[in-house]
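Written out below as structure tokens is the structure these notes cover.
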Amino acid sequence: MSVSTPVNIDVLEKELCRHPDSTFKNYLINGLRYGFHTGLKTLPSKSIICKNLKSASTNPICVSELLETEVSKGYLIGPFNDIPFSNYRINPIGLAEHKYSKKRRLIVDLSAPHEDEDNPSLNELIDKEEFSLQYVSIDDATHIIKQLGSKSWLLKTDVCDAFKIIPLKSELWPYHGIQWNKKFYFFKRLVFGCRSSPKIFDTLSRAVCWIARNNYGIVNILHLLDDFLIIVHRADNAQLIMNNVLKMFSSLGIPLSKKKTEGPCVILEYLGIFLDTIKMEARLPKEKIARIQEVIESFSKRNTCTKRELLSLLGHLNFASRVILPGRSFVSHLIKLSTTVKKLSHHVHIKNCRSDLAMWSQFLKNWNGISFFINDDIIKAADIQLYTDATPKSFGGFYQGSWFQGEFTSELLHEQTSMAFFELYPI
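Sequential numbering of the sequence shown, starting at 1, is according to the UniProt record's numbering.
Okay, here's the thing in structure tokens:
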């Protein structure tokens, strides 16, 4: 049993021959050739079999079909009647259903077993800081669009089964096992759910972007893991560039999703946001605005929620903040609150956050979900000599050599106004 990948390693190595970072290049090439180490500080010393998640038993036919597909694509080895390794880890599997599309996918819980000091999970054995990752944002895309000007061309594509084209070191296969219908399977590719998988896969994506810029002249290319966005000046031949993008991925042996490959066009959805280079604006899809409103409404009359529920709410608000920029001021209290408890099942009191949620509700009801691409020449407070501060009772500040102060009206104080509003008021 040897490691494998659809990536054409020889072509990739040739394309990277002028890459200035030999450590980066060798890590990627050797990883693809011999398999990547997931960063486990130590290998589990004890073999254990974890119980599958309840979601797996709710639709056993679907689980069986998904497993059969994974095996046929070469992502798993098996099925085995008996475990072929002396030391191993059998991890829980379950089913996750997309909330809106209802599409199901297989999940592997590599954070199991939970709260077991004698048997730490695989994710606990991986250093979180070493495999942390900074992601691209919509702001990065709009910044390039503003530089290139209106009517810029937009192109995008997406890698199929992203993590699963990256091979694991064969000595790690025994610890990435799963069980179903009394049969055993072992992953030979990166597992979705492994703490280090995003950072490892991102190495390939970064290499692709370097190749695009330096070997194909595709300068303005961004990626978020497996999602790639290319922005082209309106005077350039965007279709030729799109052809070169597809040619590059094909020569590298990296499979792309035809359904998620679009362009060239001037209106395109990227990371869930519509970018419009004619109107020079970013838009939230209407259905997503409605969903976020429903989520906020469900929290508005509650006094408590679990940390898991709060983090889910923050995910929705952070998504909306990509377009509704003022909303970013009204998530800090919620973020701070989420850090007050450790476990996802622990409850937090959210009564004092109602004013922040009320502001968000107002934003979503009265904002049309559109944000124009703002000029990057931002004036800083120091440039105009403006410094302010506020408490829940009064405010003060300094403006161009003069001091000022005041107290909030009783009407404002009685409205349970958020702290973010108090701080914005004197500005």
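A virtual CB, placed ideally from N, CA and C, is assigned to each residue, including glycine.
Just to confirm before moving on: does the CB-CB distance between residue i and residue j stay below 7 Å?
i: residue 8; j: residue 190; result: no
i: residue 184; j: residue 83; result: yes
i: residue 157; j: residue 228; result: yes
i: residue 367; j: residue 296; result: no
i: residue 264; j: residue 155; result: yes
i: residue 131; j: residue 196; result: yes
i: residue 160; j: residue 255; result: yes
i: residue 193; j: residue 88; result: no
i: residue 153; j: residue 235; result: no
i: residue 77; j: residue 169; result: no
i: residue 211; j: residue 423; result: no
i: residue 313; j: residue 203; result: no
i: residue 66; j: residue 106; result: yes
i: residue 397; j: residue 426; result: yes
i: residue 79; j: residue 50; result: no
i: residue 244; j: residue 216; result: yes
i: residue 298; j: residue 420; result: no
i: residue 39; j: residue 167; result: no
i: residue 327; j: residue 321; result: yes
i: residue 125; j: residue 73; result: no
i: residue 25; j: residue 133; result: no
Once you ignore the five residues that flank residue i on each side, which residues in its own chain have a CB closer than 8 Å to its CB?
i: residue 278; result: 150, 151, 266, 267
i: residue 365; result: 293
i: residue 348; result: 304, 305, 306, 307, 310, 337, 338, 340, 341
i: residue 127; result: 39, 41
i: residue 118; result: 46
i: residue 346; result: 306, 307
Is there a Cβ from chain C that is less than 7 Å from the Cβ of residue i?
i: residue 303; result: No chain C is present in this structure, which holds just one protein chain.
Could you pull out every residue in the same chain whose Cβ sits closer than 6 Å to the Cβ of residue i, ignoring the five residues on either side in sequence?
i: residue 399; result: 386
i: residue 331; result: 317
i: residue 123; result: 110, 111, 195
i: residue 213; result: 219
i: residue 405; result: 396
i: residue 249; result: 256
i: residue 179; result: 90
i: residue 86; result: none
i: residue 173; result: 186, 188
i: residue 32; result: 5, 7, 9
Can you tell me whether residue i is helix, strand or coil according to DSSP?
i: residue 327; result: helix
i: residue 367; result: coil
i: residue 195; result: coil
i: residue 235; result: coil
i: residue 106; result: strand
i: residue 124; result: helix
i: residue 267; result: strand
i: residue 286; result: helix
i: residue 203; result: helix
i: residue 211; result: helix
i: residue 225; result: coil
i: residue 262; result: strand
i: residue 256; result: strand
i: residue 411; result: helix
i: residue 96; result: strand
Whose C-beta lies closer than 7 Å to the C-beta of residue i among residues of the same chain, with five residues either side of it excluded?
i: residue 358; result: none
i: residue 136; result: 222, 223, 224
i: residue 62; result: 95, 104
i: residue 351; result: 303
i: residue 209; result: 221, 223
Within the continuous alpha helix (DSSP H) that includes residue i, where are the two ends?
i: residue 249; result: 238–252
i: residue 424; result: 419–424
Could you tell me the boundaries of the beta strand (DSSP E) in which residue i lies?
i: residue 282; result: 281–283
i: residue 91; result: 89–91
i: residue 405; result: 402–407
i: residue 179; result: 177–180
i: residue 388; result: 386–390
i: residue 183; result: 183–187
i: residue 218; result: Unbroken run through residue 218: none, as it is neither H nor E.
i: residue 273; result: 273–276
i: residue 394; result: 394–399
Inset, instruction - Identify every run of the alpha helix (DSSP H) within the segment 10–38, keeping only runs that are complete inside it and at least 4 residues long; order them along the chain. - result: 22–34
Inset, instruction - Pick out the complete beta strand (DSSP E) segments inside the segment 39–87, 3 residues or longer, and give them in chain order. - result: 76–80
Legend entry - beta strand (DSSP E) runs wholly inside the segment 128–174, at least 3 long, in chain order: 153–158
Legend entry - 4 or more residues per run - each alpha helix (DSSP H) lying fully within the segment 293–352: 307–321, 332–338
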